[in-house]
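Remarks on the structure that follows.
Chains as they are written, first to last, in my numbering: chain A, 1378 to 1495; chain P, 24 to 273; chain C, 334 to 941.
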């Protein structure tokens, strides 16, 4: 079905989103949970880049091509470029929380770290 | 909630979510046929207006420079958060999470490769950073590459060598200067009556390294900040978690 | 008549950011007092800037500011625009005011992490200002992320105990997932409209009604409703509030949560109003259903809590549900009702959190059982606390009454039944909880307080044991908050301005016009003064119900068995406690269930 093939990258993005959510829900290790968050972010990158693609378009760098040539969408690339670097440091922040939690309670499983119940 | 209940409830909710997402994806324009006005509008005019050939960078640091200011401060805040979380506590015992004995250096071959690799990485990083407005590159990428260079020292030597070249206080101040510098570049045009973050310095010729006005300047600030923040994060993790030697804190 | 804002609205963001960078750079060498002074100055400076913006938007009309000078080309916006109109500017002023009060309260207060508090608070302030003033959807997301990251760091400030780390980890996971959901929604909208400016997206979407628009709307709403702590996305909030330092809790409950609701309102009215217009009633009912669930869930959990901050956190969730109910009542009147309630609630809740901080500082404890009869020597604090309880029931003389009356009027006009009942239930439960704590702590009535598992965690005091005395900077913030809440009721002239601003915000053509041309459209809507007497009756009923419930809890041993309603509700309901399990996986699970439910409701009822 041409319709489905035309939307395949979007289905992949949807699947990544679900995988990330599943990992978060069933996680037994806090570091694993943080990595699943990174998978969720990858799903948004996949979606953004797939939206911006144009068949036959070249990269939006006009250093060696003429300005009248067709290029892919530069806006989505700009949007996710900063996100990639920023997310690396945010993951560092979350991992710092995990390390500190391990130091204080000796465990990294969400099941054991439930002082805040009820 | 028991694990079985959690799994079954998630399968139902997740299936519904997947169905909704896929159903709406079928209503999107087919892949590869981007037709929106925003990207084309900028791609048409950016070279003439800003003398920059890398449109992605022009968008990041000029057209949507305010977004990048916010993102840069997200980075700054996250590093501030890491240094706050892993700070030395009053009366805390030195109980590191891991244990790293790396007083002895690595093999001579590895250490011999250290200096050339460091030189190549640094030059490459600076090249990428300076040419951001012409070819893919810019502040964020350059910052990461330069920080990797310092981490190379840790990989090839030991923690002590790494810590010698990344003294805590200087790196923090540099990072703050990078972040604050971006805000200053934004505020400066206001003093001349121009809008915030307006590109007000001479634009130069397209294709030249010193072109596109404030784009290059902002890119440099961001590069400085990103380098400093990655170095700081690695430093904090190494010092306070792995080796357990707390630095001289307040 | 100036059409541009008098000063650049980007200054409201850049000044606190720059101050935060400077403070972070020099924090190793400055003494604590200097950090306090500089932080307070920066916050007051931002207050001045945002006040000028508010003044300009009120007296010269709403306007737009295109950053970098990038005005739109035709109908395509190529830069980022900031729309300065009274509601957004008012929220920014509120943010700056609350941050200044919080920084005043933390004058030598929070001893741990002291050098990191000021830069983080200033960044948080900058993010809140940017969030309320922006007109670009991706810019909204960026400030959402900045606000979240600063909040994660502030929440985990007290690293000596294990609980803050878990609370802030749960907070981080759920809000990061919410951020990615929002980004997915933005991407979906971008694919069909090719725009990131909210006015332009609204123009492109037009009457479009297909599953894509519905799903994008679902994702955007669910992401922001997570921040707004609406059930079932609310589970992170009690964990985060129970462990954050007091000045931070004031900001969270006073403004951060409410900004989520503001974002929902903004996105709906700027982007989707035209496309959902034929099905407006169905949408209102769906939102109202979620609001009712929130109020009931949180109200009952609020009464069952014995840890002061956790109880106040659940009451924030409950009132957030009430605000969503006001918004769901629809139209410019519903929006005006929500904003009125928001402002008044910010002051009342802020004051209550400040008072709980005073108790923690003075009595070294935050659980009801340990505080029993210990605060009898603080009569003024008792008076302010009781005022807060009265305010939560939306009774006079506090301004929440005005919001409730407007909401009721809006519900009448759009045939939404049950809104007044929900307001009574929510007000009664939350004010009962506050009254019960007040009776135990400040008056020492009854035979002793119950406790529960979460209250046993307690909290380490935030300050030095030698400085137990209460000073001026502890007393001024809560007193000022309550006074402002009363003043807003006594001098309701600001309501005219709010009504007209809400009429303009709720009109998509007016927003479009302002965004593209920078000129404001003067719209107005009728007053709801005639609805106030009815609201007074209802709110007094809520207050009396709350008082009775609290009394039946406090004097439970002297009542016959079948009248011990208070003690019964206080023990809590097992399924509700199970839901609040502290396990981040559970929280994400409920978020997924919520998104699935929301999305299905949209597809089924808004499609035709």
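Glycine included, each C-beta is placed from N, C-alpha and C at the ideal position.
In the DSSP secondary-structure assignment, residue 1438 (chain A) is bridged to P:77. With contacts defined as CB atoms closer than 8 Å, residue 220 (chain P) and residue 828 (chain C) fail to qualify as a contacting pair. Following the DSSP letters along the chain, one finds residue 1387 (chain A) inside the alpha helix (DSSP H) bounded by residues 1385-1402.
At a cut-off of 8 Å between beta-carbon atoms, residue 1474 (chain A) makes contact with chain P.
Against chain A, a Cβ distance below 9 Å from residue 197 (chain P) picks out nothing, because the smallest value is about 16 Å. With a threshold of 8 Å between beta carbons, residue 840 (chain C) makes no contact with chain P. In this structure, the CA atom of residue 813 (chain C) is about 49 Å from the CA atom of residue 30 (chain P). For residue 1431 (chain A), the beta-bridge partners assigned by DSSP are P:56.
Residues of chain A whose Cβ lies closer than 9 Å to the Cβ of residue 59 (chain P) are, in chain order, 1428, 1429, 1450, 1452. At least one C-beta of chain P is nearer than 8 Å to the C-beta of residue 452 (chain C). Residue contact check for residue 181 (chain P) against chain A: no CB pair falls below 8 Å. Chain order gives the chain C residues near residue 1482 (chain A) as 495, 498, 499, where near means a beta carbon separation below 9 Å. Chain-ordered, the chain A residues with CB closer than 9 Å to the CB of residue 87 (chain P) read 1452, 1455, 1456. With the rule of 3 Cβ pairs closer than 8 Å, the stretch 570-589 of chain C does not count as touching the stretch 400-414 of chain C. One thing to note: residue 179 (chain P) has its Cβ within 8 Å of the Cβ of residue 133 (chain P). Per the Cβ contact rule, the stretch 220-235 of chain P is in contact with the stretch 146-163 of chain P (3 or more Cβ pairs under 8 Å). Proximity of chain P to residue 545 (chain C) at the Cβ level (cut-off 7 Å) is accounted for by 47, 50, 51, in chain order. Taken through DSSP and simplified to helix, strand or coil, residue 205 (chain P) comes out as helix. Close CB contacts of residue 587 (chain C) within its chain, under the 7 Å cut and outside five residues either way in sequence, are with 431, 679, 682, 683 (chain order). Nearest neighbour of residue 583 (chain C) by Cα position, chosen from C:470, C:686, C:474, C:940, turns out to be C:686. The C-beta of residue 231 (chain P) comes no closer than 8 Å to any C-beta of chain A. Near chain C, meaning a CB-to-CB distance below 7 Å, the residues of the stretch 66-87 of chain P are 85, 86, 87. At least one CB of chain P lies nearer than 8 Å to the CB of residue 341 (chain C).
CA-CA distance, residue 1394 (chain A) to residue 732 (chain C), rounds to 43 Å. For residue 926 (chain C), the enclosing alpha helix (DSSP H) starts and ends at 917-938.
Within the model, the alpha-carbon separation for residue 524 (chain C) versus residue 46 (chain P) is close to 15 Å. In the DSSP secondary-structure assignment, residue 399 (chain C) is bridged to C:414. Across the set P:143, P:48, P:34, P:165, the C-alpha of P:48 shows the shortest separation from the C-alpha of residue 1381 (chain A). Taking the Cβ atoms as the reference, residue 651 (chain C) lies roughly 37 Å from residue 536 (chain C), outside the contact range of under 8 Å. The three-state secondary structure of residue 543 (chain C), taken from DSSP, is coil.
Among the residues of chain A, those whose CB is under 7 Å from the CB of residue 523 (chain C) are 1428, following chain order.
The stretch 770-782 of chain C makes contact with the stretch 718-727 of chain C; the number of CB pairs closer than 8 Å reaches 3 or more. At least one beta carbon of chain A lies nearer than 8 Å to the beta carbon of residue 917 (chain C). The DSSP-derived three-state label of residue 640 (chain C) is strand. Listed in chain order, the non-local C-beta contacts of residue 170 (chain P) below 6 Å within the same chain comprise 250, 253, 254, local neighbours out to five positions each way being set aside. Under the Cβ distance rule, residue 159 (chain P) counts among the residues neighbouring chain A, one pair being separated by less than 8 Å.
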